[in-house]
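Residue numbers (full-length UniProt numbering): 1 to 788.
Backbone N, C-alpha and C define an ideal beta-carbon position, used for all residues, glycine too.
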C-alpha cells in the first residue's frame with residue numbers, strides 16, 4: 001500500500017509539473033504581440049550539441065521567426081552559423097561532411113607539409129615542448145589549425161561583418177576569461193574566431209586571444225545562456241540543453257569522472273535558474289544517456305536523438321508557429337550573400353595581437369602565402385596560402401581574420417610560434433630486426449632564425465642514430481643548407497652470405513649471422529621548386545663494415561676465426577630531385593612520390609681481412625681483385641623511383657611503382673663489375689621505403705638481395721575494410737642483373753603478396769605474407785610503430 005501511494009504521488013507530481021508548464025507556455029503565447037521578440041539559446045555539450053539540429057529543423061519546418069541567438073560551445077557553432085543564414089538541413093550536411101578525426105588532432109594532410117619537413121612529420125607518438133632545458137606537458141591537446149580552416153570557410157560569406165548584430169539574426173557567443181575570470185559575450189570582431197573561442201574546452205583545445213583576453217569555452221561560466229538572450233531583447237525564449245548530468249556515487253569512484261563532476265555541479269546548478277527563463281525547452285540530457293562530449297564519431301546517432309526529442313515538443317512549436325502566423329510574423333531566413341571585396345591590406349601579428357616586427361619573417365610569410373594587395377581571393381585560395389605557411393612547421397598555429405577599414409577589407413594573419421625545443425618519443429618492433437624506443441630532440445633557431453637541429457637515437461639492440469641540421473638561407477623560402485650524420489647497426493639480411501654454406505674443416509659446423517654497420521655524413525644545398533618538391537646538390541661520405549656475429553661458445557672453438565670481414569669507405573657527389581604530394585605518409589590514397597638522382601662515386605678505400613684460409617668462399621665473393629671482377633672507373637649511377645596512388649572509389653585505391661637503378665662506367669667483357677654494398681641496390685622488404693637504394697620487393701626481407709642494377713614495376717590494390725584497416729594485395733615484377741644495366745644478362749623475378757595494415761596510435765601496423773619465384777617460399781613479416 002505504501003509503494004502504491006509513492007507511485008501515485010510521483011505521477012501526481014509529474015502531472016502537476018506538466019500542467020504548470022502548459023499553463024506557463026499558454027500564458028506566454030497569449031502575451032505575444034507583433035512587437036514580441038523571439039530568442040534561441042543553445043547550450044554547450046561537445047559532440048552532444050549536434051542534437052540542437054533537431055530544434056533548428058523544427059523551427060525551419062514550421063517557419064518560426066527567431067530574432068536573437070545565444071550559444072555556447074557546440075551551441076555557439078550551430079547558433080553562429082544559423083545566424084549567418086544556414087538552415088538546419090545545411091548544418092546537418094556540414095556535420096556529416098566534416099572530417100572530425102582531423103579536427104580532433106593537430107595533424108594536417110601530408111601533402112601540405114613543406115618538403116623540408118616531411119621526413120620528420122607524423123613519426124612520433126608523444127611530443128613534449130622543452131622549456132628551460134626540460135620536457136614539459138603541452139598547454140593543450142588540440143591547437144585547432146584545421147578547425148580554424150573549417151570555420152573560416154563556413155563563415156566566409158560574412159567575413160566583412162564585424163558586428164554580429166548585423167548578421168541575418170543578431171547573435172552573441174559565450175566565452176570565459178581564463179586569466180582574469182568572468183563571462184565574456186562575443187558581440188563583435190571575427191565570427192569564426194569567436195566561435196573558435198566558445199568551444200575552446202580547457203586542456204582539450206588551446207585558448208584563443210581576442211582583444212587582449214585569453215578566452216576559453218563559455219561553459220565555465222554559463223553553459224546555457226538563456227539570461228543573455230533575454231538581455232539582447234528576447235521576450236520569448238526557445239532553448240536546447242545538452243549539458244551535464246551528475247554522476248552517481250559509484251561512477252565518481254573514477255578519478256576522471258570526479259574531476260568532471262566538480263565542474264558539472266556548478267553548471268547544473270546554474271541551469272536550474274536559466275531554464276526558468278525558457279518558454280520552450282528541449283532537454284536532451286537523459287535521452288543522450290551515456291554519450292559523452294568527445295563522441296564526435298557518433299554524430300549520426302546524436303542528430304537522430306535530437307530530431308526525435310524535438311518532435312516530442314511538436315505541440316509547443318506548432319502553438320508558437322500558429323501564434324506568429326496569426327499576427328503576421330514571418331520568418332525570412334536566408335544565407336548572407338558574399339561581398340567579393342578585394343583585400344586592401346595585410347597585417348602580420350603574434351597570436352596575442354602584437355605586430356610582428358621582423359621584416360625578414362614577414363617576407364617569408366608573404367612569399368609562402370603568395371597573396372597580393374588589391375585582389376579578391378576565395379576561401380579555398382586563402383586556406384591553401386595559410387596551409388603553406390603552417391606547412392613550414394615554424395608555427396603551432398596560423399590563422400587569419402578580416403576587419404574592415406574605410407569600407408576596405410583588411411586581412412590579419414596571426415601566428416603562434418612553435419616552442420624552440422621539442423622532445424619526442426616513438427616505439428617500434430618488427431620481426432626482422434628488434435624492438436626499440438626512438439628518442440628525438442628537435443631544436444629550432446639554434447644558431448640562426450629558420451634553422452632546425454635534431455638528434456635522434458633508436459635505443460635497441462640494433463642501435464641507430466642521426467644528427468641533422470638545416471638552415472634556410474637569406475630572407476627567402478627557397479634555398480636551404482642541410483648537414484647530416486647517420487649511423488645504422490643492423491643484422492644483415494644479405495642473401496649472398498646466407499646462400500654460401502660455410503663449414504669448418506674439423507667440426508662441419510655452420511658459421512653464424514653477420515652484422516652490418518654504416519656511417520654516413522652528408523652536406524647539401526637544396527632549392528625548393530614548390531612546397532612539395534626540391535632539387536638537392538651535395539656530397540656524401542660513407543663508411544661501412546661487415547662482421548660475423550659469433551657467440552662466446554663458438555669463439556672458444558675457433559681460435560683462428562676473425563669476426564671482421566671488411567671495411568670500406570667512399571664519397572659520392574649527387575644531384576637529386578624529389579617531389580612528394582602524397583596525402584598521407586602511410587596508407588596514402590592520393591598523390592605521388594617521385595625521386596630521381598645521379599651519383600658519382602670516388603675515393604674508395606677498402607680493407608678485406610684475411611679470410612682466404614678461414615672463409616675461402618666469402619673471400620672470393622668479397623675480393624674485388626678476384627678473377628671474376630673488375631672495378632669500373634668513373635662510376636655514375638642513375639636512380640628513378642616513382643610511386644603513385646589514385647582513388648577509384650571511396651574505399652579502393654590503385655597504387656603503382658616504377659623503379660629503375662642503373663650505372664655507367666668502364667666495362668670489360670666476360671667479367672662482372674664489382675660494386676660495393678653502398679653502391680648497390682638492396683632489393684627487399686614489404687613496406688614502402690623512402691631510401692632510393694633500397695626498393696621494396698615481395699618475398700624478400702629488407703635489403704636481402706643486393707644487385708648491381710634493377711628495373712621494377714609494381715601494382716597494388718589498397719582496400720579500406722573499415723575506418724583505419726586496409727587490405728592490400730600487390731604484384732611486383734623486376735629484371736635484376738649484376739651488370740651495370742638491368743637489361744644485360746638479367747634475371748626475371750616475380751613476387752606477390754598480401755598486406756593487412758592498420759593506422760594505430762602507436763603508428764602503422766603491418767602484417768604481410770609474400771612470395772617470389774626467385775626463392776620460392778613464403779615470407780611472413782610483422783611490424784608495429786613508426787620507423788627510424
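Cβ-based burial, residue i [other Cβ within 10 Å; buried from 16]
i	result
residue 494	buried
residue 646	exposed
residue 650	exposed
residue 777	exposed
residue 480	buried
residue 385	buried
residue 358	exposed
residue 729	exposed
residue 273	exposed
residue 392	buried
residue 168	buried
residue 58	buried
residue 749	buried
residue 523	exposed
residue 96	exposed
residue 126	exposed
residue 174	buried
residue 566	buried
residue 591	buried
Distance between beta carbons of residue j and residue i, contact taken as under 8 Å
i	j	result
residue 50	residue 302	4 Å
residue 679	residue 637	7 Å
residue 789	residue 239	An answer regarding residue 789 cannot be provided, because it is not within the stretch 1 to 788 covered by the chain.
residue 756	residue 785	In fact, because the Cβ distance is near 16 Å, the residues do not count as touching under 8 Å.
residue 628	residue 668	About 11 Å separates the two Cβ atoms, so there is no contact after all.
residue 65	residue 331	4 Å
residue 593	residue 575	Contact doesn't hold; Cβ gap of about 18 Å is too wide.
Straight-line Cα distance separating residue j from residue i
i	j	result
residue 383	residue 149	6 Å
residue 724	residue 747	38 Å
residue 781	residue 769	6 Å
residue 787	residue 586	11 Å
residue 25	residue 314	13 Å
residue 121	residue 193	27 Å
residue 682	residue 697	10 Å
residue 326	residue 34	10 Å
residue 72	residue 46	10 Å
residue 145	residue 200	13 Å
residue 43	residue 589	38 Å
residue 597	residue 578	9 Å
residue 745	residue 739	7 Å
residue 373	residue 177	35 Å
residue 294	residue 134	31 Å
residue 402	residue 156	10 Å
residue 468	residue 446	12 Å
residue 237	residue 352	36 Å
residue 684	residue 731	13 Å
residue 444	residue 74	36 Å
residue 86	residue 61	14 Å
Sheet register partners of residue i (DSSP bridge)
i	result
residue 595	578, 641
residue 778	BP columns for residue 778 are empty, so no partner.
residue 177	215
residue 755	728, 768
residue 514	548
residue 458	438, 464
residue 127	424
N- and C-terminal bounds of the beta strand (DSSP E) containing residue i
i	result
residue 52	Note, residue 52: premise wrong, no beta strand (DSSP E); alpha helix (DSSP H) at 52 to 62.
residue 620	Where residue 620 is concerned, there is no enclosing beta strand (DSSP E), although the alpha helix (DSSP H) it sits in stretches over 616 to 622.
residue 236	236 to 241
residue 406	No beta strand (DSSP E) holds residue 406; DSSP gives it neither H nor E.
residue 39	38 to 42
Limits of the alpha helix (DSSP H) - the one that residue i falls within
i	result
residue 545	Counting along the chain, residue 545 falls outside any alpha helix (DSSP H), though it belongs to the beta strand (DSSP E) covering 533 to 548.
residue 718	Premise fails: residue 718 lies in the beta strand (DSSP E), 709 to 722, not in any alpha helix (DSSP H).
residue 302	299 to 311
residue 74	74 to 84
residue 688	Note, residue 688: premise wrong, no alpha helix (DSSP H); not H, not E.
Residue i beta carbon near the ligand PLP (any heavy atom closer than 6 Å)
i	result
residue 33	Absence of the ligand PLP is noted for the structure shown, with no ligands found whatsoever.
Contact with chain C by residue i, beta-carbon distance below 7 Å
i	result
residue 48	Protein chain content of the structure displayed is limited to a single chain, and chain C is not contained in it.
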